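For reference, the structure is listed below as structure tokens.
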Amino acid sequence: MTEISGGPFVVATILKVVVFFTLLILSIALGTYMERRLAAFIQDRSGPNRVGPIGLLQVVADGLKNLLKEETWPSAAYKGFFLLAPALALIPGTILFAVIPFASPAPTRWGYVDMIVADVPIGVLYILAIASLGVYGVVMAGWSSGSKYAFLGGLRGSAQMVSYEVGLSLSLVPVLMLAGDVRVPEIVTLQQHYPGDATTLGVWLVAPLLVGTFLFYLTGLAETNRLPFDLPEAEAELVGGYHTEYSSMKFAVFMMGEYGHLITTAMLVTVFFFGGWDIPFWSGDNIRVAADGSLIGEPAWWKTLLTLIAFVIKGGLVFATFIWVRWTLPRFRYDQLMDLGWKFIIEFVTIYIIVIAVAIYALDRAGLAFGPAYAAALLGVNVVLAVLLFFLFDRGRLIRGAGREAEREARRRLLEARRQVRQQTLSHALGESARLATTADDSSEEGR
Amino acid sequence: MIEFFFFLFAAMAVLSAIFMVTQVNPVASVLYLVVTFFSLSGLFVILDAHFIAAVQVMVYAGAIMVLFLFVIMLLNLGSTELSDIRQGIGRVLAGSVSVALVAVFARLFMAGGDVDGLGGPSALDPLLESSGAVAAVAEPLFTRYLVAFEITSILLVVAIVGSVVLARRREP
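From first to last, the protein sequence lines are chains H and V.
Just so you know, the first sequence maps onto residues 1 to 448 in the numbering used here.
Just so you know, the second sequence maps onto residues 449 to 620 in the numbering used here.
And the structure:
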């Protein structure tokens with residue numbers, strides 16, 4: 001079966017864009033609902049359950065409310081940029097999905113259709129390039145609002161996103177080293193099990209790259225400005241962060257951008273480390289595009305549907321863990337956040353890349369073919385690194401609260417201050433007594 | 449179809465570059481420059497240089513322009529008019545340099561883009577076929593031009609260290 005081409009290709013592409021974009025927007029809506037329900041579950045309350053069956057229409061009600069609210073224009077705002085910022089926040093998160101494969105290729109009368117909007121030759125680089133644009137929305141919103149809280153939130157957000165972007169990009173390098181290609185469908189194929197085929201690993205990359213998965217997850221969380229990294233909108237300090245001044249639908253667009261970003265991050269974790277649309281322990285979904293463009297395997301519509309369901313379930317579970325983390329962990333302090341990003345994650349990822357590269361080289365030299373055994377060997381390396389990582393990550397080692405160091409510093413300052421006060425009082429007292437002595441002399445002179 | 453996109457991106461690049469220079473507000477200038485980078489990236493895609501296109505967006509639009517925005521925001525240059533081209537002789541000099549550059553490009557255009565060393569529009573096709581979008585850049589960079597590449601990175605480190613040393617306040 002050959003790839004779809006010509007007129008039907010254009011029609012198929014337009015259909016894919018429309019369908020997948022609608023699904024994404026729908027899942028953003030469902031994502032907000034899921035967040036509220038899960039938060040309620042974690043906090044032992046009911047959550048939204050009045051509008052529609054089990055509260056599912058709450059999202060529609062919220063949207064309607066946002067549309068009908070009054071729009072406010074802060075008088076100090078730069079109007080054009082103020083209007084542009086929500087769009088800049090929404091667009092990068094939503095166009096990322098263009099290079100993510102959702103399901104196995106589907107057969108049609110005109111040839112097979114890849115279930116990916118655009119299979120660009122630079123897939124992963126496209127993802128990194130677009131992800132690096134997410135910061136514009138935050139910066140523009142913070143600056144154009146003309147409010148100090150929004151400005152501080154924007155500054156924090158952009159500093160955070162710029163810092164963690166490095167770690168995010170680097171944590172994907174081991175995946176690329178194993179895949180040997182930057183096209184995203186290749187990475188899914190790599191994780192599928194083809195017995196006797198030495199070009200695929202046959203194991204989800206979470207096993208051979210356990211530490212890489214954790215680092216990507218962590219930096220992805222930081223990139224989306226979620227708890228425990230939600231410093232840009234820390235409500236206790238900044239009212240609402242960079243979107244303090246926004247109201248009605250403009251605010252809702254920021255929220256949509258956040259959830260869109262979150263959902264694409266969940267999809268990326270799924271694609272890179274959890275097999276994408278691969279159904280585990282089943283070789284019926286072993287469908288891939290060969291180098292010459294022909295299709296290996298037997299595509300079928302029901303398989304496309306099944307793999308799509310598998311993808312949605314996996315992505316949904318990753319998304320659920322994002323929510324779980326949000327309602328479980330407290331927020332980092334700002335200096336802790338920066339320390340973690342610059343002084344730990346970047347260094348650790350660099351070491352990780354070197355270790356994995358050496359391991360891959362050694363395994364190749366040992367003549368071990370790609371496959372589960374290869375993955376198991378890498379897993380061994382990862383477990384050692386994971387023990388090290390979590391030892392370092394433990395409380396008080398890298399990230400400390402107002403702990404020993406700070407306490408010592410505070411005591412030093414206190415002693416210093418006391419010393420100064422003592423000296424001052426001493427000199428003051430000396431001065432005072434001298435003055436008193438002279439006045440006493442004076443008065444005695446007068447009395448004479 | 450390709451021609452349409454070429455002219456679209458080319459027009460966008462030129463127009464946004466002009467707007468970038470003529471804007472009073474520096475933030476608007478930065479955003480127009482971002483649009484220019486995007487258009488250039490589109491042109492690179494048309495030329496089959498996918499890697500350069502991605503890196504263009506990643507490095508220039510995603511990192512350097514964000515830094516520009518940062519500086520502008522922190523210095524709060526919001527609505528002041530700034531011009532670092534000096535009046536009189538400086539303007540004449542800048543103008544003549546631009547005219548010379550335009551002349552060079554015009555000459556290239558008249559020659560039909562057929563310049564020594566460039567093999568025409570589809571010169572990269574066999575390379576892209578055989579090694580993919582990234583390897584086509586990575587292979588020469590890490591084999592033939594490795595020394596130049598490493599020296600460049602040393603240069604960058606020197607620049608960073610130098611700026612830190614210059615910016616750091618002396619301990620009293």
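No residue lacks a Cβ here, since even glycine has one placed at the ideal position from N, Cα and C.
All values reported here derive from a predicted model rather than from experimental measurement.
- Considering only beta carbons, the part of the segment 115-129 of chain H lying closer than 8 Å to chain V consists of 120, 121, 122, 125, 126, 128, 129, in chain order.
- In this structure, residue 3 (chain H) places its C-beta atom within 8 Å of the C-beta atom of residue 112 (chain H).
- For a cut-off of 8 Å, the C-beta gap from residue 216 (chain H) to residue 272 (chain H) is around 7 Å, short enough to register as a contact.
- The residues 164, 167, 168, 171, 345, in chain order, have a CB closer than 7 Å to that of residue 219 (chain H) in the same chain once the five nearest residues on each side in sequence are set aside.
- Not a single C-beta of chain H is nearer than 8 Å to the C-beta of residue 612 (chain V).
- A direct Cα-to-Cα measurement between residue 125 (chain H) and residue 48 (chain H) gives close to 40 Å.
- Within chain V, the residues placing a beta-carbon under 9 Å from that of residue 158 (chain H) are 514, 517, 518, 521, ordered along the chain.
- In the structure shown, residue 121 (chain H) adopts coil according to DSSP, grouped into three states.
- If you draw a straight line from the Cα of residue 520 (chain V) to the Cα of residue 247 (chain H), it comes to about 26 Å.
- Taking 4 residues as the minimum length, the alpha helix (DSSP H) runs contained wholly in the segment 190-244 of chain H are 210-223, 235-238, in order along the chain.
- In the DSSP assignment, the residues bridged to residue 296 (chain H) are H:288.
- Between the segment 299-318 of chain H and the segment 70-89 of chain H, the count of Cβ pairs shorter than 8 Å is below three; the stretches do not touch.
- In this structure the segment 187-196 of chain H does not lie against the segment 359-368 of chain H, because fewer than three pairs of beta carbons, one per stretch, are closer than 8 Å.
- For the segment 478-501 of chain V, the residues whose beta carbon sits under 7 Å from a beta carbon of chain H are, in order, 498, 499.
- In the three-state DSSP reduction, residue 62 (chain H) falls in the helix class (H, G or I).
- Taking a Cβ-Cβ cut-off of 7 Å, residue 190 (chain H) has no neighbours in chain V, whose nearest Cβ is about 15 Å from it.
- Taking C-alpha positions only, residue 250 (chain H) is separated from residue 226 (chain H) by approximately 20 Å.
- The CB of residue 181 (chain H) comes closer than 7 Å to the CB of 580 in chain V, given here in chain order.
- Judged by beta-carbon spacing, residue 307 (chain H) lies within the 8 Å limit of residue 279 (chain H), meaning their Cβ atoms are closer than that value.
- The continuous alpha helix (DSSP H) containing residue 248 (chain H) extends over residues 248-273.
- Straight across, the Cα-Cα distance linking residue 157 (chain H) with residue 140 (chain H) is about 11 Å.
- With contacts defined as CB atoms closer than 8 Å, residue 232 (chain H) and residue 332 (chain H) fail to qualify as a contacting pair.
- By a beta-carbon distance limit of 8 Å, residue 465 (chain V) contacts residue 484 (chain V). Their separation comes to about 5 Å.
- Nearest CB-CB separation between residue 324 (chain H) and chain V: not below the 8 Å threshold.
- The three-state secondary structure of residue 588 (chain V), taken from DSSP, is helix.
- If you ignore the 5 residues before and after residue 211 (chain H), its C-beta comes within less than 7 Å of the C-beta of 352, 382, 385, 386, 389, all in its own chain and listed in chain order.
- In the DSSP secondary-structure assignment, residue 113 (chain H) is bridged to H:106.
- Not a single C-beta of chain V is nearer than 8 Å to the C-beta of residue 271 (chain H).
- Here the alpha carbons of residue 613 (chain V) and residue 16 (chain H) stand approximately 54 Å from one another.
- Here residue 115 (chain H) has 101, 102, 103, 104, 105, 106, 304 as same chain residues with Cβ atoms under 7 Å from its own Cβ, once five neighbours each way along the sequence are excluded.
- As computed with DSSP, residue 3 (chain H) is found in a beta bridge with H:112.
- Proximity of chain H to residue 506 (chain V) at the Cβ level (cut-off 8 Å) is accounted for by 125, 128, 129, 132, in chain order.
- Contact annotation: residue 481 (chain V) and residue 461 (chain V) have beta-carbon atoms that are not nearer than 8 Å.
- Taking a Cβ-Cβ cut-off of 9 Å, the neighbours of residue 81 (chain H) in chain V comprise 473, 475, 476, 479, given in sequence order.
- In terms of beta-carbon proximity, residue 139 (chain H) lines the interface with chain V, with at least one pair separated by less than 8 Å.
- The shortest CA-to-CA distance from residue 373 (chain H) to any of H:145, H:183, H:204 is the one to H:204.
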